[in-house]
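Here is the structure we will look at.
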Amino acid sequence: MENNKKEVRVRFAPSPTGYVHIGSLRTALFNYLFARHSGGKNILRIEDTDQTRKVEGAVENLIKNMKSLGVEFDEGPVQGGNYGPYYQSERIDIYRRYSDELIAKGFAYYAFETPDELDEMRKMQQLEGKQTMYDRRARDLSEDEVQDKLKKRLPHVIRLKVPLNDEVRFNDVIKGTIKIETNIIDDQILIKSDGFPTYHLANVVDDHLMQISHIIRGEEWVTSVPKHIIIYNALGWEIPEMAHVPLILNSDKSKLSKRQGDVAVEDYLKKGYLKESLINFIALLGWNPGEGEEQEFYTMDELIRKFTLEKVQASGAVFNVEKLNWMNNSYIKNYDPDKLTEMSLPYFEQSGFDTSDIAKIKKILSAIRVYLNKLDEIPQHIKIFSRNEVELENENLKEFLDSDSSKKVFKALTEKFKSINEINAENYKTILKDVQNETGIKGKQLFKPLRIALTGSENGPELPLIAEIFGKEKISKLLEKWI
Ligand code: GLU
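Taking the working numbering, the leading residue of the sequence shown gets 25, the next gets one more, and so forth.
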């Protein structure tokens, strides 16, 4: 099945839409992993022949995003290469050459129907309960009729002449053998009336000319393959290996869509999902390194080492945000503290937090990072560090502060503070032990009022860490209020 003798050359062929869809990132990632795993080349080709869908800056944005996520290309618009240009819009003449060849060999033909005529055709077919497709009527035009219409410069397209009463069969590495009767395949438009190629022609021509060995892309393209095979055969070209990766699904098993959450990679990055965890999570959407493999965490290098197409599953892959959150939380918990601090600064700034004291930010992060599923949750966890007054989460908590025993604790603690320079997580614990011995108050009765007095809440980061970050002045001030 593997094309051992040929050099592995794969491509990611996006149509730039202005943002990178999660599914596109997965396709790009699988291509990259496969290329690196097999020592081949990863190519970026921009499929921008649909002039109506052009978005300014989309390609630059895409390349920037891929690069920052660690998905690299060996050939493409930036690096160049021997098979360029890598923008389809710069290859229009090439496609024209092959559509001419297809016409000359009798595998394609001119068709002159107006949009109204096509509309009429579709309506009739619907009325008759037939499959709506081009009824192949222009196949019957005589050579003279065609030449006459061309001379009159009538608007026209070029269509593929699908061989009738036949069957197209192909093998997909992931989906297995697929076969389809040619009679239900449309005479696909290859060149549109504006002279631009359709996806189908341009895609086949480029995959051939760029010597692509394996086509790895989303399952939504599998229905196009029969048309492509007919074109490959008509031009006498070898068909690359095909691997259609499963759809990404919402948790209700519908196709991942904007309506049920974010689909743009940028949105996830903005929310503070780390690049490493996003890549890790996306790699596992439809790929699993092997039965019984319990491992969930992979670096890019490990992914490269383990990735094979054989381990890509055929059925849809559910995009489970809870799992992504869990994974991201794990990455955040274990991330290098300095790097995490740097990445977190924008989220501190967002909530107006003074970021001049980096050491303090780092300490705060060490206290709160276990709670973060993503970095944009930072603002809600740092309120306790930025305010000077404590707001009680609810009024009932007040009773814990008003009791005689908590007053005793607060008093003893502030008294102890007077004899030390500054507190840190370590000496705070010792001091608290002393307070316990002195007052005879321990456990919940000791800790709970303190936590509530300092944070206004019953839960939160570890108190010794909070104490170190607050410092003794602030703690004393907050406690004095209740003494
Ligand atoms: N331009 C298509 C896309 O936007 C490429 C599909 C393919 O890889 O053939 O995904």
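Every residue gets a Cβ at the ideal spot worked out from N, C-alpha and C, and that includes glycine.
Buried or exposed, going by whether 16 or more other CB atoms sit within 10 Å of the CB of V102?
exposed
Hey, out of P361, I236, S443, K398, whose CA is closest to Y107's CA?
Among P361, I236, S443, K398, the Cα nearest to that of Y107 belongs to I236.
Can you find the residues in the same chain that come closer than 6 Å, C-beta to C-beta, to P250, ignoring five residues on each side of it along the sequence?
V192, I204, I209
Would you mind working out which of P179, G200, R120 sits nearest V229, comparing C-alpha positions?
For the residues P179, G200, R120, the minimum Cα distance to V229 belongs to R120.
DSSP puts Y133 in a beta bridge; with which residues?
R183
I'd like the list of long-range same chain contacts for L425, defined as Cβ closer than 7 Å, with 5 residues on each side in sequence excluded.
Contacts found: P473, I476, A477, W506.
Out of L421, G464, S430, state which residue places its alpha-carbon closest to the alpha-carbon of E482.
L421
For the alpha helix (DSSP H) that contains G10, what are its first and last residues?
Residue 10 lies beyond the range of the chain shown here (25 to 507); nothing can be said about it.
Does the distance from the C-beta atom of M266 to that of D190 stay below 9 Å?
Contact: no.
Length of the line joining the Cα atoms of L487 and S275:
38 Å
Contact between the region 489-496 and the region 378-393 is defined here as three or more beta-carbon pairs at a separation below 8 Å; is this criterion met?
yes
Every unbroken alpha helix (DSSP H) within the region 419-453, with a cutoff of 4 residues, ordered by chain:
422-426, 428-441
Is any heavy atom in ligand 1 found nearer than 8 Å to the beta carbon of Y256?
Answer for Y256: no, Cβ out of range of ligand 1.
Based on DSSP bridge pairs, tell me the residues matched to T332.
Residue pairing from DSSP leaves T332 without any beta-bridge partner.
V287 in three-state terms, based on DSSP
coil
Completely contained alpha helix (DSSP H) runs for the region 175-236, where each covers 4 or more residues
For the region 175-236, whole alpha helix (DSSP H) runs of length 4 or above, ordered along the chain, are 223-233.
Could you have a look at A267 and say whether DSSP puts it in helix, strand or coil?
strand
Closest to A128 by C-alpha separation, out of M145, R183, E141, would be which residue?
A128 has its Cα closest to that of R183, out of M145, R183, E141.
Below 8 Å, is the gap between the Cβ of P37 and the nearest heavy atom of ligand 1?
Here residue 37 is Ala; the residue named in the question, Pro, does not match the sequence. The answer is yes for A37.
Does the beta carbon of G242 fall short of 8 Å from some heavy atom of ligand 1?
yes
In the DSSP assignment, find the unbroken alpha helix (DSSP H) run with L474 in it and report its ends.
468-479
Look at the alpha carbon of V394 and the alpha carbon of S123, and state the distance between them as a whole number of angstroms.
60 Å
May I ask whether a heavy atom of ligand 1 can be found less than 8 Å away from the beta carbon of N344?
no
I need the DSSP call for N66, collapsed to helix, strand or coil.
strand
At a cut of 8 Å, does the region 454-467 reach the region 432-439 through at least three beta carbon pairs?
Yes: at least three Cβ pairs fall under 8 Å.
Could I get the ranges of all uninterrupted beta strand (DSSP E) runs contained in the region 97-150, with 3 residues as the minimum, in chain order?
132-135
Compute the Euclidean distance between the alpha carbons of I408 and V95, then round it to the nearest angstrom.
39 Å
Taking 8 Å as the cut-off, is the C-beta of I213 nearer than that to any heavy atom in ligand 1?
no
Confirm, please, whether the CB-CB distance from I67 to D98 is below 9 Å.
yes
When you compare the CB positions of L280 and L271, do they come within less than 9 Å of one another, or not?
yes
Measure the C-alpha to C-alpha separation of G484 and L396 and round it to an integer number of angstroms.
12 Å
Cβ-Cβ separation, V269 to V336 (assumed contact under 8 Å), whole Å:
Contact between V336 and V269 holds, since their C-beta atoms are separated by about 6 Å, short of 8 Å.
In DSSP terms, what K279 is bridged to:
L273
Exposure label - K398; buried when at least 16 CB within 10 Å:
buried
Would you check if the distance between the CB atom of T41 and the CB atom of R69 is smaller than 9 Å?
no
Since I believe A226 is in contact with E71 (beta carbons under 8 Å), could you give me their beta-carbon distance rounded to a whole number of angstroms?
Yes, E71 and A226 are in contact; Cβ-Cβ is about 7 Å, under 8 Å.
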